[in-house]
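Q: One structure, as structure tokens, below. Some questions next.
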Amino acid sequence: MDCRAFRARLRGPAADAPDRTGPGAGRLDEAARRHAAACPKCAADLRAFTLLALGSPAGAAPGPGPGFEERLRARLASEAARAGAGAARPEASWLDAIGWLARPALGMAAALVVASAGLYVWVAPGPSPSGSVDLAQMVEGDPVLDRLLAGETVGFLASPSLDEEAPPAGAAEEER
Amino acid sequence: MRDAAADPGPAERGGAEEALLVARAAAGDAPAFDDLVRRFKDRVFRLARRFVRSHEDAEEIVQEVFLKVHRSLPGYRAGGPFEHWILRVATNACRDALRRRRRRAEVTVSQIADNPGAWLDAALSGASLDAARAEAARLLAADLLDLLPPKDRIVLVLMDLEGMSAAEVAAATGSTRAAVKVRAMRARRSLRRLAERVPRRRT
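These protein sequences, in sequence, are chains A and B. The first sequence begins at 1 in the numbering used here and counts up by one. The second sequence begins at 1001 in the numbering used here and counts up by one.
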């Protein structure tokens, strides 16, 4: 027997199946045993395979225990109930709640944010010291984005000029 | 005269029947899904049992697999036998279970036995052990195998114990045949090193 034949004998479909002689040398015929005794590499393979077969048994039971399908159905039902409850929550579909009419306005607002960011880059005195535009600072200072983030989605878009910022609270008192 | 071209063989008929069953289950047909569960539960269980210590843990994995199959079926697109897909879901679940256990405990050979080589040598010689010692030997071997990377262990079990080909393992793990062969080679080397770390029986 050569090493190739030995390895083929060692491994294979259900190599540790109970109807065979179990893991390790016990399942090998005499020729294979003689080969393993004479070949250190195949002996090491046999030792490794024995460890694998011992630590990864297929188990005595051929399948899940009785009542498995009923338990699975119960879990499926509870999962479906949870999913149904989640879908019923109003916040799950906030975009639907504001109505399809608001969607074009939101799209316009997003386009304006992009346009104003582009304008800022165009008119800015120069690149930041690092040589690139500081996007985080640019977005933080954008008034349109601030108002969108504050929850104003539609109303202020109808104002005459987006460049006119509302005076900060208390500014009127300071002017006096 | 029998027209061989017009009369599909049992394999084709079985495949077409299974595809129909899967399509019905994906459309929400509960009896069709139950039928799929009956067909594949033992196969998934046998695989799961190889990676966990108890029957109950294996059953938990089988439940997880079928819950995931149920959730994913509406988006399932058949690109091969359904068994490959379900085995892929199952090997992912087994890999997750192995990862969880690896995080929990790191063992060394000297920690797990006073005479660490005795049990492996006994198994190698084919000597029969009493039930308690055989169970202890299995647990020691399982502790050692937990030291292997989960992907290595999955490839070893599928190829060397389940007798699957590299192509079948590739389909079951979402890998390529070449990648599976390379991993199997490395994993066998790691396993040999692991077995070499178990000292020979003290005499």
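Beta carbons: idealized from backbone N, C-alpha and C, even for Gly. Nothing here was measured: the structure is a model prediction, and the numbers come from that model.
Counting contacts by CB-CB distance shorter than 8 Å, is Ala32 of chain A in contact with chain B?
A: no
Q: Taking a contact to mean a Cβ-Cβ separation below 8 Å, would you say Phe1082 of chain B touches Glu1018 of chain B in this structure?
A: yes
Q: Output the distance between the C-alpha atoms of Leu1140 of chain B and Gly55 of chain A, rounded to the nearest integer angstrom.
A: 7 Å
Q: Buried or exposed: where does Cys42 of chain A fall if 16 or more other Cβ atoms within 10 Å of its Cβ makes it buried?
A: buried
Q: With 7 Å as the C-beta to C-beta threshold (strictly closer), list the residues of the region 1129-1143 of chain B near chain A in chain order.
A: Ala1137, Arg1138, Ala1141, Ala1142
Q: Look at the alpha carbon of Val113 of chain A and the alpha carbon of Pro104 of chain A, and state the distance between them as a whole number of angstroms.
A: 14 Å
Q: Nearest chain B C-beta to Ala37 of chain A closer than 8 Å, yes or no?
A: no
Q: Using only alpha-carbon positions, find the residue among A:Arg47, A:Ala85, A:Cys3 that is nearest to Arg1193 of chain B.
A: A:Arg47
Q: How many whole angstroms separate the CB atoms of Arg1095 of chain B and Pro1150 of chain B, which I take to be in contact at a CB cut-off of 8 Å?
A: 5 Å
Q: So Asp1042 of chain B contacts chain A; which residues on that side make the cut at Cβ distance below 8 Å?
A: The answer, in chain order, is Pro62, Gly63, Pro64.
Q: Does the beta carbon of Asp45 of chain A sit closer than 8 Å to a beta carbon anywhere in chain B?
A: yes
Q: Between Gly65 of chain A and Pro40 of chain A, what straight-line distance do the alpha-carbon atoms span, to the nearest angstrom?
A: 43 Å
Q: Express the C-alpha separation of Ala74 of chain A and Ser1168 of chain B in angstroms, rounding to a whole number.
A: Note that residue 1168 of chain B is Glu in the sequence shown here, rather than Ser. Distance between the alpha carbons of Glu1168 of chain B and Ala74 of chain A: 33 Å.
Q: Please list, in chain order, the residues of the region 103-114 of chain A that have any C-beta partner in chain B closer than 8 Å.
A: none
Q: Indicate whether at least one CB of chain A lies closer than 8 Å to the CB of Leu1156 of chain B.
A: yes
Q: Mind pulling the chain A residues with CB within less than 8 Å of Glu1059 of chain B?
A: Pro64, Gly65, Phe68
Q: Listing by chain order, which chain A residues have their CB less than 8 Å from the CB of Leu1020 of chain B?
A: Simply none; closest approach about 21 Å.
Q: State the Cα-Cα distance for the pair Ala37 of chain A and Glu30 of chain A, rounded to the nearest angstrom.
A: 11 Å
Q: Kindly indicate which three-state DSSP category Gly22 of chain A falls into: helix, strand or coil?
A: Confidence at Gly22 of chain A is low in this model, with a pLDDT of 45, below 50, so its placement is unreliable and the value that follows should be read with caution. Gly22 of chain A: coil per DSSP, three-state reduction.
Q: Please work out which residues of its chain come closer than 6 Å, Cβ to Cβ, to Ala1184 of chain B, disregarding the five sequence neighbours upstream and downstream, and give them in chain order.
A: Val1155, Met1159
Q: Taking just the CA atoms, how far does Ser116 of chain A sit from Gly1015 of chain B?
A: 59 Å
Q: What residue range is occupied by the uninterrupted alpha helix (DSSP H) comprising Glu1168 of chain B?
A: 1166-1173
Q: Pick from A:Ala83, A:Pro62, A:Pro57, A:Asp45: whose alpha carbon is nearest that of Phe1040 of chain B?
A: Here the closest residue by C-alpha is A:Pro62.
Q: DSSP state of Met1185 of chain B, grouped into three classes?
A: helix
Q: Only counting the same chain, and skipping five residues up and downstream in sequence, which positions put a Cβ closer than 7 Å to that of Leu1145 of chain B?
A: Arg1153
Q: Which term fits Glu1064 of chain B, buried or exposed, when burial requires 16 or more other beta carbons within 10 angstroms of its beta carbon?
A: buried
Q: Distance, Cα to Cα, Leu76 of chain A vs Arg1046 of chain B?
A: Taken atom to atom, the span from the alpha-carbon of Leu76 of chain A to that of Arg1046 of chain B is near 22 Å.
Q: For the alpha helix (DSSP H) that Cys42 of chain A lies in, which residues bound it at each end?
A: 40-55
Q: With distances taken between CB atoms, is the gap from Arg1049 of chain B to Gly59 of chain A smaller than 8 Å?
A: yes
Q: Given that a residue counts as buried once 16 or more other Cβ atoms are within 10 Å of its Cβ, and exposed if not, what is Ala111 of chain A?
A: Ala111 of chain A comes out exposed.
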